[in-house]
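The opening position of the sequence shown corresponds to residue 1 in the UniProt record's numbering, with each subsequent residue numbered one higher.
A virtual CB, placed ideally from N, CA and C, is assigned to each residue, including glycine.
The model shown is predicted, which means the values in this text are computed figures rather than measured ones.
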Amino acid sequence: MKAVVCPEYGPPEVVRIDDVPPPTLSAGQVRVRVHVAAVNFPDVLFIADRYQVSVPVPFVPGSEFAGVVTEVADAAAGFAVGDRVSGAALYGAFAEEVVAPIHGLTRIPDGVDDRTAAAYGVAHGTAYHALRSAAQVGPGQNLVVLGAGGGVGLASVQLGVLLGATVTAVASSEEKLSTAASYGAAHLVNHRCPDLRGALRDVVPDGAHAVIDPVGGDASEPALRSLRPGGRFVTVGFASGVIPRIPLNLVLIKGAHVIGFQLRDIPADEFDRNRTELAELLAGGQVVPHVGAVYRLEDTAQALRLVADGKAVGKVLIDVG
Numbered sequence: 001m002k003a004v005v006c007p008e009y010g011p012p013e014v015v016r017i018d019d020v021p022p023p024t025l026s027a028g029q030v031r032v033r034v035h036v037a038a039v040n041f042p043d044v045l046f047i048a049d050r051y052q053v054s055v056p057v058p059f060v061p062g063s064e065f066a067g068v069v070t071e072v073a074d075a076a077a078g079f080a081v082g083d084r085v086s087g088a089a090l091y092g093a094f095a096e097e098v099v100a101p102i103h104g105l106t107r108i109p110d111g112v113d114d115r116t117a118a119a120y121g122v123a124h125g126t127a128y129h130a131l132r133s134a135a136q137v138g139p140g141q142n143l144v145v146l147g148a149g150g151g152v153g154l155a156s157v158q159l160g161v162l163l164g165a166t167v168t169a170v171a172s173s174e175e176k177l178s179t180a181a182s183y184g185a186a187h188l189v190n191h192r193c194p195d196l197r198g199a200l201r202d203v204v205p206d207g208a209h210a211v212i213d214p215v216g217g218d219a220s221e222p223a224l225r226s227l228r229p230g231g232r233f234v235t236v237g238f239a240s241g242v243i244p245r246i247p248l249n250l251v252l253i254k255g256a257h258v259i260g261f262q263l264r265d266i267p268a269d270e271f272d273r274n275r276t277e278l279a280e281l282l283a284g285g286q287v288v289p290h291v292g293a294v295y296r297l298e299d300t301a302q303a304l305r306l307v308a309d310g311k312a313v314g315k316v317l318i319d320v321g
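Given below as structure tokens:
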């Protein structure tokens, strides 16, 4: 089968297209013919060997996909050949076939196309869990979203609006801000402005109830300062490549809650509730992911570079089929 291979650690340009043996199917797994894969920032980190865990080279990168089940292992109950599914795994999705454990798969609802399904799971799942369980966003609250033009950021804008919040989108370009506005952001702030702290104070004078931060870097501290007393600052990741150093006196003075978001920390009942609600939103067409660019499998390095440079708007997809 054709696949994108990372032969050595490095920048996105180290990956190449190669013919490789199909992955071995093990108990509790299914084989999926990949139609569409999605690029996420951790894919860039895996290739550079900068993620929390290391994948030995050579390997096939790619963590998110949509396609059709072509083979089911004996223990993989619940799925059958021909089922349309989307899923996520640590790696392996930038290929014509991927094997995945059943707990990482979701049936694609009728009426939802492969591109939508591939673009939805990781970004919207991360955003919804962060908003619903960590930030506890609800109607009438003020929400600040950093990196609001990226996959998780734009999903946080969409879902924050759906949850009833007034959303302030912070992003690095007018294109990203315009896209965030099209999904309901009430206030737009360019994070490259000379005084981000002042700009946030102007649009949210009473302070934000919550901040969602998928990027880190120099925007984090001004966003923390924008919180009202007792507000929640949820750190989701560091797509900027810079881990901020936060003065703890700000946390003390504001009585702020700084929350490191990890899916495994969400209680099981809340996780199931969030996943059910999110699936209903997808099936009902209430939230649709924004696809900013689509590449061929042969052009995966370019797609990875777009995400690595922070220039992607919404989700970047690989059309495998």
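Between which two residues does the alpha helix (DSSP H) containing A123 stretch?
Taking the sequence shown and counting its residues from 1, the one referred to as residue 123 is at position 123. Counting along the chain, the alpha helix (DSSP H) containing A123 begins and ends at 114-129.
Near V215, which residues of its chain fall below 6 angstroms by C-beta distance, leaving aside the five closest residues on each side in sequence?
Within the sequence shown, numbered from 1, the residue matching residue 215 stands at position 215. Counting only residues of its own chain and dropping the five nearest sequence neighbours on each side, V215 has a CB closer than 6 angstroms to the CB of L146, G147, A239, S240.
Simplified DSSP state of I246, which is helix, strand or coil:
Numbered from its first residue, the sequence shown carries residue 246 at position 246. Coil at I246, not helix or strand.
Check whether L154 and T179 have beta carbons under 8 angstroms apart
To locate residue 154, count along the sequence shown from 1; it is residue 154. To locate residue 179, count along the sequence shown from 1; it is residue 179. Yes, these two residues count as a Cβ contact at 8 angstroms.
Would you tell me roughly how many angstroms separate the C-alpha atoms of V294 and L306, rounded to the nearest one?
In the sequence shown, the residue the question calls residue 294 occupies position 294. In the sequence shown, the residue the question calls residue 306 occupies position 306. The straight-line gap from Cα to Cα measures roughly 11 angstroms.
Report the three-state DSSP secondary structure of R228 (helix, strand or coil).
Here residue 228 corresponds to residue number 228 of the sequence shown, with the count starting at 1. Residue state, collapsed to three classes: strand.
Going by DSSP, which residues form a beta bridge with I142?
As a position in the sequence shown, residue 142 is number 142, starting the count at 1. As written in the sequence, residue 142 is Asn, which differs from the Ile given in the question. Among the bridge pairs identified by DSSP, N142 is matched with T166.
Find the nearest neighbour of V69 within the set V55, G62, G87, A134, judged by alpha-carbon distance.
In the sequence shown, counting from the first residue as 1, residue 69 sits at position 69. It is G87.
Relative to the C-alpha of R212, which residue among S156, V55, H290, H187 is closest?
Position 212 of the sequence shown, counted from the start, is the residue given in the question as residue 212. Before going on, a small fix: residue 212 reads as Ile here, not Arg. Of S156, V55, H290, H187, the smallest CA-CA separation from I212 is found for S156.
Sequence-distant residues of its chain with Cβ nearer than 8 angstroms to D206 (five each side left out)
Within the sequence shown, numbered from 1, the residue matching residue 206 stands at position 206. Hits under 8 angstroms: N142, R228.
Within the segment 25-78, ranges of the beta strand (DSSP E) (whole runs, at least 3 residues):
As far as the segment 25-78 is concerned, its whole beta strand (DSSP E) runs of at least 3 residues are 29-39, 64-72.
Spatial distance of E298 from A119 (CA atoms):
Residue numbering aside, residue 298 sits at position 298 when the sequence shown is read from its first letter. Residue numbering aside, residue 119 sits at position 119 when the sequence shown is read from its first letter. The straight-line gap from Cα to Cα measures roughly 19 angstroms.
Hey, could you find the ends of the beta strand (DSSP E) E96 is sitting in?
In the sequence shown, residue 96 corresponds to position 96, counting from 1. If you look at E96, you'll find it isn't in any beta strand (DSSP E); DSSP assigns it neither H nor E.
Inspect the beta-carbon positions of A185 and A169 and report whether they are closer than 8 angstroms.
Looking up residue 185 in the sequence shown gives position 185. Looking up residue 169 in the sequence shown gives position 169. In contact: A185 and A169 (Cβ atoms closer than 8 angstroms).
Let me confirm a value: D19 is counted as buried when at least 16 other C-beta atoms fall within 10 Å, else exposed. Which label applies?
Your numbering for residue 19 matches position 19 in the sequence shown. Under this definition D19 is an exposed residue.
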